[in-house]
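Asker: The structure under discussion is supplied below as structure tokens; questions concerning it will follow.
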Amino acid sequence: MRMGTSRVGVRAIATGEPAAEARPSRSVMDHLVLLKPRVMSLVVFTGAVGYLLAPGPLDGLKLLATLSAMAAGAGACGALNMWWDADIDARMARTAMRPIPRGSVPPHEALAIGVLLSVVSVIALGLRANWLAASLLVLTIAVYIPLYSMTLKRRTPLNIVIGGAAGALPPMIGWAAASGSMTLGSVALFLLIFLWTPPHFWALAICRTTDYERVGVPMLPNVAGPVETCRQILLYSVALAASTYGPLVIPGVGPLYVAVATACNAVFLWRALALYRLRLGDESVRRKAAMALFRFSILYMFLLFATLLAEALLRG
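Below is the structure:
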């Protein structure tokens, strides 16, 4: 059933009519998009911060191997997710131009790429770093594909809350690769991303309710409505703000990070509160506030981890 989505054309998606078969040319860019490079870059960035904050001497070659394996693992998740979700991707405006719905990459090829990268990334990380890090990478892939994509995404509005663990594991992988251990420091980095994920994605979901309704994905705004979604975003934002001070257990993380985290938290909470106040207001205004929070949430996470990286480099 999923194989048929590979030939869905852009016109068919827009009109709802059956699409004539097309044979668009494949390119390196199509396969790059299949690996979700934006997600991959976030995985590599947060993984590098975890590696550099971990105790122990810096091994440049091991760091490079670790980040390469993590990039491959993230690419595997992207390819497998697009393979599995090709049927709904074809019917959503945000995803209709992905390689499989456009027909530029066939589903069986995406599946093969995803499986191959999964195996190679785990083995490479285990051999070059350690098997604790490799096990955490296996857990990341397992949470993102079988648990989130194949099970939770289409069945429960808690999909993002539970599935968000996959995106929160990269700093722990980097930490484990560098030190061969998991400590409170790595757990603090995990919690930071884990608690950031729900308000980040629910803010976007408020702006994409029509898309999710069309394909039957039970995102929180579609199931519980805007009032409860805005309330949950505010509650998670408060928990997130508290979690940003968890990395202070890591030696070397100090005043610079505290200052940046406090400033970022003030803006994040202000935007979350502004969205909450609009929970009963005009829908278009609420969507603008939700999109503003979503966009800032990306900058928010980058600033926090960039500051942690700066403190790691200053620590030497």
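The sequence shown: position 104 = 105 (the working numbering), numbered continuously.
Glycine included, each C-beta is placed from N, C-alpha and C at the ideal position.
Predicted model only: the values in this text are computed from it and were never measured.
Looking at the unbroken alpha helix (DSSP H) that takes in residue 222, where does it start and where does it end?
Answerer: 221 to 244
Asker: Beta-carbon within less than 8 Å of residue 208's beta-carbon, same chain only, minus the 5 sequence neighbours each way: which residues are those?
Answerer: 288, 291, 292, 295
Asker: How long is the line joining the alpha carbons of residue 214 and residue 222, rounded to whole angstroms?
Answerer: 10 Å
Asker: Compute the Euclidean distance between the alpha carbons of residue 39 and residue 121, then round it to the nearest angstrom.
Answerer: 21 Å
Asker: If you draw a straight line from the alpha carbon of residue 306 to that of residue 47, how long is it in whole angstroms?
Answerer: 7 Å
Asker: With a 10 Å radius around its C-beta and 16 neighbouring C-beta atoms as the bar for buried, classify residue 312 as buried or exposed.
Answerer: buried
Asker: Could you check whether residue 178 and residue 130 sit closer than 7 Å to each other, using their CB atoms as the reference points?
Answerer: Residue 178 is positioned such that its CB atom lies closer than 7 Å to that of residue 130.
Asker: Pick out whichever of 99, 132, 141 has its Cα sitting closest to the Cα of residue 119.
Answerer: 141
Asker: Taking DSSP as the reference, what is the three-state secondary structure of residue 83?
Answerer: Shown here, residue 83 sits in a helix according to DSSP, grouped into three states.
Asker: For residue 263, does the count of other Cβ atoms within 10 angstroms reach 16, so buried, or fall short, so exposed?
Answerer: By the neighbour-count criterion, in which a residue is buried when 16 or more other Cβ atoms sit within 10 angstroms of its Cβ, residue 263 is exposed.
Asker: Using alpha carbons as the reference points, say which of 73, 259, 158 lies closest to residue 117.
Answerer: 73
Asker: Determine the closest residue to residue 78 out of 102, 151, 53, with distance taken between C-alpha atoms.
Answerer: 151
Asker: Since residue 55 and residue 132 are thought to touch, with beta carbons under 8 Å apart, how far apart are those beta carbons, to the nearest angstrom?
Answerer: Not really, about 16 Å apart at Cβ, beyond 8 Å.
Asker: Would you mind giving the Cβ-Cβ distance between residue 189 and residue 139, rounded to the nearest angstrom? I have them listed as a contact below 8 Å.
Answerer: The Cβ separation is near 22 Å, so there is no contact.
Asker: Cβ of residue 101 within 7 Å of Cβ of residue 94?
Answerer: no
Asker: Tell me whether residue 319 sits in a helix, a strand or coil according to DSSP, three-state version.
Answerer: Nothing about residue 319 can be read from this structure; the chain reaches only from 2 to 317.
Asker: Under the rule that 16 or more other beta-carbon atoms within 10 Å means buried, what is residue 201, buried or exposed?
Answerer: buried
Asker: Which residue from 285, 235, 193 puts its Cα closest to that of residue 248?
Answerer: 193
Asker: Counting pairs of Cβ atoms below 8 Å between the segment 58 to 74 and the segment 83 to 91, do you hit three or more?
Answerer: Taking a cut-off of 8 Å on C-beta distances, the segment 58 to 74 does not touch the segment 83 to 91, as fewer than three cross pairs fall below it.
Asker: Would you tell me roughly how many angstroms separate the C-alpha atoms of residue 181 and residue 314, rounded to the nearest one?
Answerer: 20 Å
Asker: By Cβ distance, which residues of its chain are closer than 8 Å to residue 156, with the 5 residues on each side in sequence left out?
Answerer: 219
Asker: Once DSSP output is grouped into helix, strand and coil, what is the label at residue 42?
Answerer: If DSSP states are grouped into helix, strand and coil, residue 42 belongs with the helices.
Asker: Among 191, 237, 173, which residue has its Cα nearest to the Cα of residue 204?
Answerer: 237
Asker: Whole angstroms are fine: how far does the CA of residue 265 sit from the CA of residue 271?
Answerer: 10 Å
Asker: Output the boundary residues of the alpha helix (DSSP H) element that contains residue 278.
Answerer: 256 to 278
Asker: Quick one: what's got a C-beta closer than 8 Å to residue 301's C-beta in the same chain, skipping five residues either side?
Answerer: 197, 265, 268, 269
Asker: Go ahead and pull the three-state DSSP assignment for residue 183.
Answerer: coil
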